[in-house]
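Residue numbers (our numbering): 212 to 337.
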């Protein structure tokens with residue numbers, strides 16, 4: 212999924228966790244509406260600036276696919292190596308989700324984290 216597609220998903224009201232988990236809906240056996248509902252409160256670091264929603268979306272997808280826990284650890288390792296953290300607040304430059312939305316940082320940064328999470332998870336599943 213490229214940046215434009217991700218921005219379109221955001222414009223349509225979906226957030227990081229929903230976009231990542233939903234990207235693997237076919238593989239999970241659930242439809243996008245179901246994965247969106249499962250991921251509903253995981254955006255913006257579970258609405259608290261904690262674990263990045265792109266990360267929780269990928270982990271949710273792995274769980275729905277009934278994958279081994281080692282794949283979760285591998286995903287976390289690769290995401291941290293690529294982006295430096297798995298924490299939303301840190302990834303947004305030590306800004307809250309509300310501050311990042313207001314400053315434009317969210318639309319600047321989050322598509323990269325979302326796209327990166329999808330790429331990393333695809334690599335792990337190959």
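Beta carbons are placed, not taken as given, at the ideal position from N, Cα and C, and that holds for glycine.
Keep in mind it's a predicted model, so treat the numbers as computed, not measured.
CB of residue i within 8 Å of CB of residue j, strictly
i, j, result
"residue 260", "residue 307", "yes"
"residue 243", "residue 233", "yes"
"residue 268", "residue 216", "no"
Chain-order list of residues whose beta-carbon lies under 7 Å from that of residue i (same chain, five-residue window excluded)
i, result
"residue 252", "258"
Buried versus exposed, by CB contacts within 10 Å (16 or more), residue i
i, result
"residue 246", "buried"
"residue 250", "buried"
"residue 220", "buried"
Cβ neighbours of residue i in the same chain (closer than 8 Å, five flanking residues each side left out)
i, result
"residue 218", "318 and 322"
Nearest to residue i (by Cα), restricted to the options the options
i, options, result
"residue 284", "332, 215 and 310", "332"
"residue 271", "294, 328, 334 and 300", "328"
"residue 281", "335, 240 and 266", "335"
"residue 276", "235, 213 and 326", "235"
For residue i: DSSP bridge partner residues
i, result
"residue 262", "298"
Close-in-space but distant-in-sequence residues of the same chain around residue i (CB under 6 Å, 5 per side omitted)
i, result
"residue 311", "303 and 317"
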